[in-house]
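Written out below as structure tokens is the structure these notes cover.
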Amino acid sequence: MPNSTCPVSYPASSSSSIKEYQAIQHKIAEMGSAVEAARSLTYRAASASDRGDDDAMKLASMAKQFASVRAVEVADEAVQVHGGPGYVEDNLVEKYYRDARITKIYEGTNEIQKNIIARELL
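In the numbering used here, the protein residues as written are 1 to 122.
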């Protein structure tokens, strides 16, 4: 997400920074909120695990599932903000998207995390 605030022209014919467009500002605000919510849940899960709490497994699965979904959403928005250059392999935004996408798969797919969450809640 940090690269989403770099001085990219938007639209291409304009010399304005993307930071000057309210629609982009709102996207960045939503992206930042999603990142902070995921971070908060992740810290809560880590704290519960450190203490040996009974709900540590549930919170860890919730954090993994929630954070991976939000990471893909945020990375996708960053690609959209950057437009065509966001898809170029040399662009960090494109790398963030690829890295975010894999988090839904490794170390237990999100479907497995949902099974764990449901089992712990029921």
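Note that the Cβ used here is the ideal one computed from N, Cα and C, for glycine as well. What you are looking at is a predicted structure, and each value in this text was computed from that prediction instead of being measured.
If you count every other CB in all the chains shown that lies within 10 Å of the CB of K95, and 16 or more means buried, which is it? By the 16-neighbour rule on beta-carbons within 10 angstroms, K95 is exposed.
For H82, which option in V93, R44, V72 and A100 has the closest C-alpha, if you only look at C-alpha atoms? V93
Whole-angstrom distance between D76 and I102, CA atom to CA atom: 13 Å
Between the stretch 57 to 75 and the stretch 105 to 113, are three or more C-beta pairs nearer than 8 Å? Yes, they touch.
So the candidates are K64, T109, A23 and V79; which of them puts its Cα closest to the Cα of A37? Considering only alpha carbons, the answer is K64.
Would you mind sorting A78 into buried or exposed? The rule is 16 or more other CB atoms within 10 Å of its CB. Buried is the call here.
To the nearest angstrom, report how far apart T42 and V35 are at their CA atoms. 10 Å
Can you say whether L59 is buried or exposed, counting buried as having 16 or more other CB atoms within 10 angstroms of its CB? buried
Tell whether a beta-carbon distance below 8 Å holds between V72 and M31. no
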